[in-house]
Amino acid sequence: MVFGKLPDLILADGGITQIRAIKRALKKYNLQEQILVYGMVKDDKHSTRALIDEERREYNISENLFLFITKFQDEVHNTAIEYHRKLREKDISKSELDDIPGIGKKKKELLLKEFKTIESIREADVNDLLKVKGITFDIAKKIKEKLN
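For the sequence shown, the numbering used here gives the first residue as 1141, with consecutive numbering after it.
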């Protein structure tokens, strides 16, 4: 069962290997005859200069199509970079404090603002931890237990 309108064309940002992978996927759903598939042939600067089909026939592209493909590739590239940047930021901002019950984003920020590092929090005694807004005796004990 197919949902929505099928595309007339799929452009792969690669060559024969990607074209064949797409064709196999289309064949699985009996769509190989309904959708055209072309790959992008790159020049030495990694700019698309032509399209290629499964039989390795090259098709020159017009200036307008070249500009459209370039803008599309740039947007896909920017989206991929932003996605990976967010993943890295999420990994970087993750700490041992995230696994402590009662420590949310705000308390984590306050603890790190006060102590600067996880190591400093680890070395702090319960009374020092209690000086941070929102840190109760029970939470301070949990912090000491988890970090030590």
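We treat Cβ as the ideally placed atom computed from N, Cα and C, and that holds for glycine.
All values reported here derive from a predicted model rather than from experimental measurement.
From the DSSP secondary-structure annotation, give me the bridge partner or partners of residue 1178. 1151
With distances taken between CB atoms, is the gap from residue 1159 to residue 1165 smaller than 7 Å? no
What is the DSSP secondary structure of residue 1192, reduced to helix, strand or coil? strand
If we count the other Cβ atoms within 10 Å of its Cβ and call it buried at 16 or more, is residue 1237 buried or exposed? buried
Out of 1170, 1196, 1244 and 1169, which has the shortest C-alpha to C-alpha gap to residue 1179? 1196
Residues of its chain near residue 1190, where Cβ-Cβ distance is below 7 Å and the 5 sequence neighbours each way are ignored: 1181, 1198, 1199, 1200 and 1201
Is residue 1271 near residue 1240, with beta carbons less than 7 Å apart? no
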